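K.L.:
Shown below is the structure under consideration.
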Amino acid sequence: MNTKTNSGAGRPATLALFDDPPREGRERLGPGAFVLPGFALPFVDALLPAIEGLAERASFRHLVTPGGFTMSVALTNCGALGWTSDRRGYRYSATDPDTGKPWPAMPESFTRLAGEAASAAGFDGFEPDACLVNRYAPGARLSLHQDKDERDYGAPIVSVSLGMPAVFLFGGHARGDKAARIPLVHGDVVVWGGEDRLRYHGVLPLKDEPHALLGAIRVNLTFRKAG
Ligand code: MD3
Ligand code: FE
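With positions in the sequence shown counted from 1, the corresponding number in the working numbering is that position plus 228.
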């Protein structure tokens, strides 16, 4: 028996996934940036069906940037405001340009997770009005950028990783600053606020490492106060 991967005596190694101790704590990336390892795990059973429901009403789509490039990441939104882009620019909008209808409401499990995670990182009273839902297939990436389309930089951004692992790039305040590589796995939450709110960041091209629940998909939820 392989005792190294197995915390429970006498249990087969194939069940090790379910034996893993909860990953807890708070890792500080900067003065206002924290990784909360595994913080979303208790919410996953509520989040996954909610994401499926959202996608039925507002489909994942590959946006075209103002520069004419089609993004490798597919996106949908929920909440009062949703982020969109086309040849005219990036903006938050109250309606889905694909349907003309309001974005789906933010599910209660989303709102609760975002608020609890923000509080755990020291940002009480976070009330997001926008949730971007990014979907990555193997090879999809997000090049270095700043999130600057929100009205109030005083509120933090809460990011929830689900499915396949990813390497997050945590840069500086100039595009050319050296970026730290932060591995993120299913259930991890990252909170960015204060002086770290406007840092450049991105995601390296995803490897094909299928996840037990989601398959060859990574989903990232980012909660923002946009309006
Ligand atoms: C760091 N999404 O949608 S959110 C995005 O994994 C985006 O899909 C990434 O960047 C993803 O814009 C990660 C993490 C994030 C968001 C805002 C930040 C990191 C940040 C602001 C400052 C520094
Ligand atoms: Fe971003």
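Glycine included, each C-beta is placed from N, C-alpha and C at the ideal position.
None of these values were measured; they are calculated from a predicted model.
For a test of your reading of the model: does the CB of A394 fall under 7 Å from any non-hydrogen atom of the ligand MD3? Yes or no.
P.N.:
yes
K.L.:
Whole angstroms is fine: what's the gap from A402's alpha carbon to V272's?
P.N.:
35 Å
K.L.:
Less than 8 Å between the C-beta atoms of D416 and P366, yes or no?
P.N.:
no
K.L.:
Please identify the residue among Y320, Y381, F351 and A394 whose C-alpha is closest to the C-alpha of C189.
P.N.:
Since the displayed the chain opens at 229 and closes at 455, residue 189 lies outside it and no answer follows.
K.L.:
Does DSSP put R340 in a helix, a strand or coil?
P.N.:
In this structure, R340 counts as helix in the three-state DSSP scheme.
K.L.:
Considering G281, what are the terminal residues of the alpha helix (DSSP H) in which it resides?
P.N.:
V272 to R285
K.L.:
Is D380 near the ligand FE, in the sense that its beta carbon is under 7 Å from a heavy atom of that ligand?
P.N.:
For D380, the shortest separation between its Cβ and any heavy atom of the ligand FE does not lie below 7 Å.
K.L.:
Do you know how far the Cα of A454 is from the Cα of M299?
P.N.:
Pairing M299 with A454, the inter-Cα distance amounts to about 21 Å.
K.L.:
Between which two residues does the beta strand (DSSP E) carrying F451 extend?
P.N.:
R446 to R452
K.L.:
Counting beta carbon pairs with one atom in the segment 317-331 and one in the segment 416-430, are three or more of them shorter than 8 Å?
P.N.:
no
K.L.:
Can you name, in chain order, every residue of its own chain whose Cβ lies under 8 Å from the Cβ of K406, other than the five neighbours on each side?
P.N.:
G399 and G400
K.L.:
What residues in its chain sit with their C-beta under 6 Å from that of L412, if we drop five residues either side in the sequence?
P.N.:
Hits under 6 Å: S389, A394 and F396.
K.L.:
Since I believe A368 is in contact with V301 (beta carbons under 8 Å), could you give me their beta-carbon distance rounded to a whole number of angstroms?
P.N.:
5 Å
K.L.:
Taking 8 Å as the cut-off, decide whether the C-beta atoms of I385 and T450 are in contact.
P.N.:
Yes, the pair counts as a contact, with Cβ atoms nearer than the cut-off.
K.L.:
Quick one: give me the first and last residue of the beta strand (DSSP E) that V419 is part of.
P.N.:
V417 to W420
K.L.:
Could you please give me the residues that DSSP links to E457 through a beta bridge?
P.N.:
With the chain covering 229 to 455 only, the question about residue 457 has no answer from this structure.
K.L.:
Are there any heavy atoms of the ligand MD3 lying less than 7 Å away from the beta-carbon of I279, as far as the coordinates show?
P.N.:
no
K.L.:
Whose C-beta lies closer than 6 Å to the C-beta of F288 among residues of the same chain, with five residues either side of it excluded?
P.N.:
A302, T304 and R363
K.L.:
I believe D424 touches P259 by the beta-carbon criterion, under 8 Å. Please report the beta-carbon distance rounded to the nearest angstrom.
P.N.:
6 Å
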